[in-house]
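Going down the list, the sequences are from chains A, B, C and D. Per the working numbering, residue 1 is the first one in the first sequence, and the count goes up by one each step. Per the working numbering, residue 136 is the first one in the second sequence, and the count goes up by one each step. Per the working numbering, residue 271 is the first one in the third sequence, and the count goes up by one each step. Per the working numbering, residue 406 is the first one in the fourth sequence, and the count goes up by one each step. Where is the CB? At the ideal position from N, CA and C, for every residue including glycine. Since the model is a prediction, treat every value here as computed from it, not as a measurement. See below for the structure under consideration.
Protein chains: 4
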Amino acid sequence: MTELDALKKRIAPLFPGLMGVDLVEVSPERVVGKMLVRPDLATSGNTLHGGAYMAFADTLGAVGTVVNLPPGARTTTTDSSTKFMAPAAVGTTVTGEATALHRGRTTMVWQTLIHNEAGKLCAVVTQTQLVMTDR
Amino acid sequence: MTELDALKKRIAPLFPGLMGVDLVEVSPERVVGKMLVRPDLATSGNTLHGGAYMAFADTLGAVGTVVNLPPGARTTTTDSSTKFMAPAAVGTTVTGEATALHRGRTTMVWQTLIHNEAGKLCAVVTQTQLVMTDR
Amino acid sequence: MTELDALKKRIAPLFPGLMGVDLVEVSPERVVGKMLVRPDLATSGNTLHGGAYMAFADTLGAVGTVVNLPPGARTTTTDSSTKFMAPAAVGTTVTGEATALHRGRTTMVWQTLIHNEAGKLCAVVTQTQLVMTDR
Amino acid sequence: MTELDALKKRIAPLFPGLMGVDLVEVSPERVVGKMLVRPDLATSGNTLHGGAYMAFADTLGAVGTVVNLPPGARTTTTDSSTKFMAPAAVGTTVTGEATALHRGRTTMVWQTLIHNEAGKLCAVVTQTQLVMTDR
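Structure, rendered in structure tokens:
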């Protein structure tokens, strides 16, 4: 099983699975995912709910961190900041691309850009992941 | 139908409904909700997924803004910032309390504190809502 | 020399000194400071510059963390998020009150409310401080 | 007088002037500035104060917005979020590059990357600017 398949399997029974997050590409520098804007992921006005953008991005940034963790270490998000810029309509697919801004021993910072099908930037999510080792 | 019931009905078919967000109290100054930490809302380690905290809070802050909107106006979240501080285990219930920090003509700012069943503060979410009127 | 005096002396030659930050009260749970809105702290329109609010709050939250540090530990801000809500005019004084939302072994979270002389809430700053020990 | 010179002159008597922010390049898509890490801009440990990064970036993002404003409009920062990743030592110069992530009719979003002399990314600041027109 590839690392991508292992990660897909790991998140399937969790919140990303409920939302239908589809991991497309995983590397230590970059994680890409897709998500269909289902009606039950929407807010009023038939566009993707703000919380769904944030949960989608949180998943991609956490996956990126996991790929970079030293053996035995775990991670948790300590902070996440989002700017919302454009809507994504129900029935379309959004694409999220998370890239590492910082990969340190104690913290990692990932930024996710989420675009709609028209190629417009909908949201930018920047998150800090704490690296926890049992010492 | 009370305003609380109307709002419950409005969010039921949307993302908050998928997550099981339960509105408990709604006023112009304060919105309270509860959410059961289901396994399909979790991340690795059987605790509530970071994205689920953010989506829960985004819902409460948006509901609070809606309650304050002048007739004909709409709202969208432009920004959301979250600090994560403690976990909430699967099978327990989290409580979110959103209060208005600012209710202006153009923007409103809501802050949501999410506590776990043990009364520990798990996450703080501060969000800006843009008030849009068709002029 | 009291702890308050020691902290005042420590920040005087640094950026808070340049801005005229005046520490008023320091305890493990709460730090209060005042700052005169000088013309050289302003932005266009003769109101306090957004950056000055953030630097003022960053100072108070860091001082609060320092007061809580175990012997030999140091701290650095890893994240800071601010919402701006109202202006503060040149010639008036702003008051910042930082309270601890979380004081853990690895991170602390402080939130600073900044009010203007009229008692209006101008800005809310929430910041995460990493606690660093040499192990 | 070029637009760059006009903007330099405009910010000189204000907070950016106190800090020694030097505008290097201004266009509707990108604003670049430099700042010497003076001792009176530092925090403990002789590195640039977190608040100075934020104030530096806030200046660049606001300048970028001003360049894009329609006639008669004004702007104010409504939100700013920063991740800190690496220090910048006293006596060195930091470079900030602000780029527009979104330039809408109501809001603009600018992101500033601040690098130290060694080319390391020290801080990322993402801010929302409200566009205000008197209608």
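Contact between the segment 197 to 217 of chain B and the segment 94 to 108 of chain A is not established, with fewer than three Cβ pairs separated by less than 8 Å.
Neighbours of B:A190 across chain A, judged by C-beta separation under 7 Å: H49, G51, A52, M54, A55. Considering only beta carbons, the part of the segment 10 to 21 of chain A lying closer than 9 Å to chain B consists of R10, I11, P13, L14, F15, P16, G17, L18, M19, in chain order.
Two segments are said to touch when three or more pairs of C-beta atoms, one from each, lie closer than 8 Å; by this definition the segment 28 to 41 of chain A does not touch the segment 166 to 177 of chain B.
What D:S486 touches in chain B, judged by beta-carbon distance under 8 Å, is D214, S216, going in chain order. The DSSP-derived three-state label of D:A457 is helix. Membership of A:A123 in the beta strand (DSSP E) is indicated by the continuous run 121 to 132.
In the structure shown, B:M243 falls within a strand segment according to DSSP collapsed to helix, strand and coil. Uninterrupted alpha helix (DSSP H) stretches at least 4 residues long and entirely within the segment 271 to 324 of chain C occur at 273 to 281, 285 to 289, given in chain order. Within the model, the alpha-carbon separation for C:E273 versus B:V172 is close to 44 Å.
Its Cα nearest to that of B:L195, the residue B:E160 stands out among B:M220, B:E160, B:K144. Residue pairing by DSSP places A:V94 opposite A:M35 in a beta bridge. The C-alpha of B:M136 lies about 49 Å from the C-alpha of A:R30.
Contact annotation: C:A358 and C:L318 have beta-carbon atoms nearer than 8 Å. From the beta-carbon of B:T234, no residue of chain D is found nearer than 9 Å; the closest lies around 18 Å away.
The three-state reading of DSSP puts D:L474 in coil, since its state is none of H, G, I, E or B. Within chain D, no residue has its beta carbon less than 7 Å from that of A:V90; the closest one is some 22 Å off. A straight-line Cα-Cα distance of about 35 Å links B:T230 and D:L506.
Distance from the Cα of B:L248 is smallest, within the candidate group B:L265, B:M220, B:T227, for B:M220. Listed in chain order, the positions of the segment 235 to 263 of chain B with a beta carbon within less than 9 Å of a beta carbon of chain C are L236, H237, G239, T242, V244, Q246, L248, L256, V259, T261, Q262, T263.
Excluding sequence positions up to five before and after D:K413, its CB lies within less than 6 Å of the CB of L428, all in the same chain and listed in chain order. With 16 or more other Cβ atoms from the protein chains shown falling within 10 Å of its own Cβ, C:N386 counts as buried. For D:A491, not one C-beta of chain C is nearer than 8 Å to its own C-beta. Note that the C-beta distance between A:L18 and B:L149 is not below 8 Å.
In terms of beta-carbon proximity, A:A6 stays away from the interface with chain B, with every pair separated by 8 Å or more. In the three-state DSSP reduction, B:A224 falls in the strand class (E or B).
Under the three-state reduction of DSSP, D:A462 is assigned to helix. In this structure, D:F461 is the residue among D:V426, D:F461, D:R508 with its C-alpha nearest to the C-alpha of D:C527. Residues of chain C whose Cβ lies closer than 8 Å to the Cβ of D:D463 are, in chain order, H319, G320, G321, M324.
Counting of Cβ neighbours within 10 angstroms places A:A118 among the exposed residues, the total staying below 16.
Take the alpha-carbon of D:M537 and the one of D:G477: they are about 9 Å apart. Close to chain C, meaning a Cβ-Cβ distance shorter than 8 Å, are the following residues of the segment 430 to 451 of chain D: P444, D445, L446, A447, T448, S449, G450. Here A:A62 is not bridged, per DSSP, to any residue.
Any Cβ of chain B closer than 8 Å to the Cβ of A:T133 would place that residue at the interface, and such an atom is absent. Residue-level contact by beta carbon holds for B:T211 and chain A, with a gap shorter than 8 Å. Looking at the DSSP output, D:L518 shares a beta bridge with D:E502, D:V529.
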